[in-house]
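Residue numbers (my numbering), protein chains in the order written: chain E, 1037 to 1492; chain R, 1033 to 1368; chain G, 64 to 289. The beta-carbon is built from N, C-alpha and C at its ideal position, and this holds for glycine as well. Input: a single structure, listed below in structure tokens.
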Amino acid sequence: MRQNLDVIAAYLIMLGLIILVGFLQSWSIALSILCFCLISAVMTMGANIQWGYAGLINFGIMGYTALGGLAAVLVSVPPVKEAWQVGGLSMIFCAFLIAFMVFSIRFILKKYNKSNKRNYGIALVIIVGLILLRLISGPAIHSIEAVNPATTGFLGGMGLPILFSWIVGAFFAGALAYVIGKIALGLRADYLAIATLLISEIVIAVIKHEDWLSRGVKNVIGLKRPVPYEIDLQTKEWFINLVAKFNQSTLNLITDVMAREQMLKQLVIEGSTVFVKLCFVGLFSIVVIILLIITQKALYSPWGRMMRAIRDNEEAANAMGKNVVKQHLLIFVLGSAIVGIAGAMMVTYDGLFTPGSYRPMRYTFLIWVMVIVGGSGNNFGAVLGGFAVWFLWIEAAPIALFLINLFTSGLEETNVLRVHLIESIPYFRFLMMGIGLLLIMRYRPKGILPEKIKHV
Amino acid sequence: MEIINAIVLLLNYIFVPALSYGSQLALGAIFVSLIYGILRFAYFTAGDLMSFGTMFTILFTWYFQSLGINLGVLPTALIAIPFGITVTIFYVLIKDKLVFSYYRFKKSPPVQLAMVSIGTMFVTQAIVRIVIGPFDRRFFDGEKFILKANEFKEMTGLNEGLTIKSTQVITLLVTIIVVSILFWFLNKTKTGKSMRAYSDNEDLALLSGIDPKKVVMITWVIAAILATVGGTLYGLDKSFKPFTYFNNMLPIFAAAIVGGIGNPFGAFLGGYVIAFSEILVTYAYRKFFIYLLPESIEPDSLLQLLSTDYKFAVSFSILVVVLLFRPSGIFKGKVL
Amino acid sequence: MTGGYGGADIISSCTINVDRGEIVAILGPNGAGKSTAMKAMLGLLNLKSGKVSIDGKDISKLTPQDRVKEGISFVPQSRNVFTGLSVQENLEMGAFLRKERVEEIIEEIFALFPILKEKKTQIVGELSGGQRQQVALGRALMTKPSVLMLDEPTAGVSPIVMDELFDHILKVKKTNVAIIMVEQNAKQALSIADRGYVLVTGENKFSGTGKELLNDPEVRRSFLGG
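If you want it as structure tokens, here you go:
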């Protein structure tokens, strides 16, 4: 228990900060910060598995997040029948064609030894395949995108409850990670970083520009929530009673009936947003807790020991007959799949999918800051890193505003410098993240909660 | 005639733009490669250092413009570059003193230094965005074209015009000058040779009495110069937007790796390899074939191999192919 | 000299001296402290007691770089050339600290190792093993050292190259340089060394001329394999 004291203390401080926001700003803000903290925690756990357990640099987190988001769209949106009629068949055929290409490349790889002939064969399959794909998909895409472009213009999804997408997102991300891992794992750490960064940009490019699949930059809005809507709640009898019960003392102070009604109405509206966010917090917490249990169990299992052995001395582990490449691939896929879950969770929470908003600073490098700040190799550290860094990321703007006002209080309201600084407040968060990362790396290189390995 | 038209078309839309874009990438790739060779880590701040240098060049350009100083037909930015370089040199040296030197002294693994450079990336981006904002800015002034499409058409009587922007010529000339001086420095001067020696074999360089502090400092100075020049040329040719510069890190790294990272000359060529492939693959060849083919089999689709949105895919594919088949880069030979 | 890496002393009160124009071999079994003794002389290791002096000048407190200036030069066991630089550039780097013109010294090295002159502009990475060893020696000689230290020069070198290498070392000796070489390959080393020291657990147990050591029955038994 004693050795976990720092963990408990760190979490209590974090909780205290969020509650403080609840009191100072509003409970709605505090809860939405908490929701994103939980989502960030999931992402960080994914990245931490790769970096902390195995020492793999994955700068493609943005790509997996977006794939998770795409999964949310493809699972929850009802299918667009008309689009399927005009182009569905061709697109299915294309999918088969891609599968065929993959299998024939695998066949060539297996059947022939390393030679120029083999390379030419693969190149030929790829080129012919791409030309065929273009010829078949071109007209189909054109007609799909022409179907009612203002509202649909894409194939739509399966019309299932959005919660399924959390699993589907994991599969999407895992599948992509498998392909990338096959190609790029085994590269030097920094090459892997660049390769994954490029891949994630390509994923975003595909999602942004393949309108038939994801509506691209036209965004998908109004995704069905797994929790009640505020408007529905506000008319529900039980909910109004619940709010009345919670605020009995406040309401009893008001004697005028009309004013009391008015007050109750106000409280119900406020309460409904808080209630909805609480539901999300509950859902997300379940995911975080399940993942924490699994990852902790894995860390202390023989498998976890082996992963650490591989991380700390790849050659020795290899010499002892551990299949390093296979284990790296496994952990790369698992970590990415977890990031995929987070991506789906985020779109579920937002209720919309905006491919244009995926930026590497926010979705890749910020997550890395979280991992390093929290303590790589330590799952509790990773979760804490997700919390702390997200909290700072959001609260950076108010803090910066406060500081700017403090330091420029001698200047006039209309002073050019002051106005300029206040206008650039959103960018102070980059400064804070950068300086925070540099300070942590310098003075606490193992993170807030360093990796602790029980020696059994 | 048709064939000449087709060739001019390719010159105009592929060769000339790729040459200037390639030069801009090459300048970036050289300093990434140099830092990798001497400081031994992947410098992820590369794109943002370029935007930092460009930003100060722009600020000085505005200042000179407000004073009424200009170069006539040439862009004012050319006189601002030395000032931008000076500020950037100070910035990288301070950064090295405050941040990187500690890890070098501790002999930290390269991965840790790369992570540290993520930290400086955040800080540099913040500075750029706070000072000049995230918006798209053009700071080109002077004569825009050296050869206009119409003039070319009149001159030659061809259907296709050839446009040569002055920024393209400036890019090419400045690149030739800067790169020649750099390679002369690396290959002919004692300090340059000592840098190559240090990159080749650090222990032996120390035994020979080469001062590591000096080598590291000069590396940063060169990086600052190349970043500012490359960034400014890119900004003059296209426009200055911090986010684009950040993203340019990807083709720049691809170029450095293609050229065999740690090998500046390879990186220089790598810049052109990436630029030409990117533009060749994303160009729509329809018009080209209309010129060449008889009317009956003229194509009606764009004949574009890949939409321009996927230009990163080009860098990536080249990178993967190179890493799989020639992990040490496509240009073998001496390191540095 | 007494010293070690923290913990226990790896070398204790061992004395090694060498005169100009003389080859001294430091021999001994694995873990005897041969490399440690060499590091102590180079200044890569701080001595607990004892001193390192050259021409009567105490250099025990100097950094390795400053010791180079005082005339100690070192050829490491592996990675002892700049593979990406040309032969000429390797030599120039050897004389990095010299202010005056280095062309003359380079000419002297070329006179010593004529093959290097032919391959002047070639990249060292493309040379043969024997030629590389010459470049390594040449680079170390560029500082015009009074003491040249060689760390296991014969390790991983084929027998033919080894003979050639010894010829070169003898040539260097004639230029009035003191040579200290650490060797595991005792028989070969003693065949060209004027004197030898045999280190055992950090102390110099035996010393004497090459011939004496070769004929010493105890030395023969313990290190030379009978």
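- At a cut-off of 7 angstroms between C-beta atoms, R:Ala1299 does not count as an interface residue with respect to chain G.
- By the CB criterion at 7 angstroms, E:Gly1411 and E:Lys1488 fall outside the cutoff.
- Per the DSSP secondary-structure output, G:Val261 pairs in a beta bridge with G:Leu90 and G:Phe269.
- Contact of R:Asp1332 with chain E is not assigned, every C-beta pair being separated by 7 angstroms or more.
- For secondary structure counted as the alpha helix (DSSP H) over 4 or more consecutive residues, the stretch 1053-1087 of chain E holds these complete runs in sequence order: 1063-1084.
- Fully contained in the stretch 219-261 of chain G are the following alpha helix (DSSP H) runs of length 4 or more, in chain order: 222-237 and 249-255.
- A direct Cα-to-Cα measurement between E:Ala1432 and E:Arg1347 gives close to 35 angstroms.
- Per DSSP, reduced to three states, the secondary structure at G:Asp214 is strand.
- Under the three-state reduction of DSSP, R:Pro1326 is assigned to coil, being neither helix nor strand.
- G:Val240 and R:Lys1245 have their C-alpha atoms some 31 angstroms from each other.
- Taking G:Ser136 as reference, the option from G:Ser270, G:Leu160 and G:Asp230 with the minimal CA-CA separation is G:Leu160.
- In terms of beta-carbon proximity, R:Ile1117 stays away from the interface with chain G, with every pair separated by 7 angstroms or more.
- Annotated three-state conformation of E:Ile1203 is helix, per DSSP.
- Considered as a whole, the stretch 114-138 of chain G harbours 127-133 as its complete alpha helix (DSSP H) runs of no fewer than 4 residues, in chain order.
- Residue pairing by DSSP puts R:Leu1103 in a beta bridge opposite R:Leu1106.
- With a beta-carbon spacing of about 7 angstroms, R:Gly1291 and R:Phe1300 fall inside the 8 angstroms limit used to define contacts.
- With respect to the 7 angstroms criterion, E:Ala1373 and E:Ala1209 are classified as neighbours on the basis of their beta carbons.
- Pairing E:Ile1377 with E:Ala1108 gives a Cβ-Cβ distance that is not under 7 angstroms.
- In its chain, beyond the 5 residues on either side, Pro1107, Ala1109, Phe1171, Phe1172, Thr1199, Ile1202 and Thr1203 have a beta carbon closer than 8 angstroms to the beta carbon of R:Leu1268.
- Chain order gives the chain E residues near R:Tyr1134 as Arg1478, where near means a beta carbon separation below 7 angstroms.
- For E:Phe1368, no Cβ of chain R is located within less than 7 angstroms of the residue's own Cβ.
- Beyond the five residues adjoining it in sequence on each side, E:Gly1082 comes within less than 6 angstroms, by CB distance, of Gly1371, Ile1374 and Val1375 in the same chain, given in chain order.
- For E:Leu1223, the neighbours in chain R by C-beta distance under 7 angstroms run, in chain order, Leu1355.
- Under the Cβ distance rule, R:Ile1208 does not count among the residues neighbouring chain E, no pair being separated by less than 7 angstroms.
- Contact annotation: E:Ile1435 and E:Leu1457 have beta-carbon atoms that are not nearer than 7 angstroms.
- Counting of Cβ neighbours within 10 angstroms places G:Lys182 among the buried residues, the total reaching 16 or more.
- Secondary-structure assignment with DSSP links E:Gly1192 through a beta bridge to E:Pro1115.
- Residues of chain E with a Cβ closer than 9 angstroms to the Cβ of R:Leu1057 do not exist, since the nearest Cβ in that chain sits about 14 angstroms away.
- A straight-line Cα-Cα distance of about 15 angstroms links G:Gly134 and G:Lys236.
- In the pairwise beta carbon analysis, the stretch 1149-1168 of chain R is classified as touching the stretch 1468-1485 of chain E: at least three pairs are separated by under 8 angstroms.
- In the displayed model, G:Gln140 falls within coil according to three-state DSSP, outside both helix and strand.
- When secondary structure is reduced to three states using DSSP, G:Ile79 falls in the coil class, being assigned neither helix nor strand.
- Chain R places a beta carbon closer than 7 angstroms to that of E:Ala1241, counting this residue as a contact.
- Taking 7 angstroms as the upper bound on Cβ-Cβ separation, chain R lies near residues Glu155, Met156, Gly157, Phe159 and Leu160 of the stretch 154-184 of chain G.
- Apart from sequence neighbours up to five positions away, the residues of its chain that approach G:Ile232 with a beta-carbon distance below 8 angstroms are Ile86, Leu200, Leu213, Pro216, Ile242, Met244 and Ile255, ordered along the chain.
- In the DSSP annotation of this structure, the continuous segment of the alpha helix (DSSP H) that includes E:Ile1240 starts and ends at Ala1225 to His1245.
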